[in-house]
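So the structure is just underneath, and the comments pick up after that.
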Amino acid sequence: MVPPIALERPALSAELQKHQFIATETTYPVSLVIASVDIWDHLSAGDAVQIVSKNSVTEIPNRFLKVCL
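Here it is in structure tokens:
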């Protein structure tokens, strides 16, 4: 049996990680889709683009869930 290794800090953290994105002016609409790995298991990037481009902001989460269920 291998003895446990003492860690200097926790291996996992429940702290929220924040990332800053700086938007630049473009000639086309830009969307950022943030989803769990479980959703990406059922949804391709192309499917996500179609859902975002064809639905209102309030409809998008429900459309993603319909694809996954």
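Our numbering puts the last residue of the sequence shown at 80; the count rises by one with no breaks.
C-beta atoms are modelled at their ideal positions from N, C-alpha and C, and glycine is treated no differently.
The structure presented is a predicted model; accordingly, all values stated were derived computationally and were not measured.
Remark: C-beta atoms of Leu-54 and Val-78 approach each other more closely than 9 angstroms.
If you look at Val-48, you'll find it in the alpha helix (DSSP H) that goes 48-51.
It is roughly 37 angstroms from the alpha-carbon of Ala-46 to the alpha-carbon of Val-13.
Residue environment analysis places Ile-62 among the buried positions, since at least 16 neighbouring C-beta atoms fall within 10 angstroms of its C-beta.
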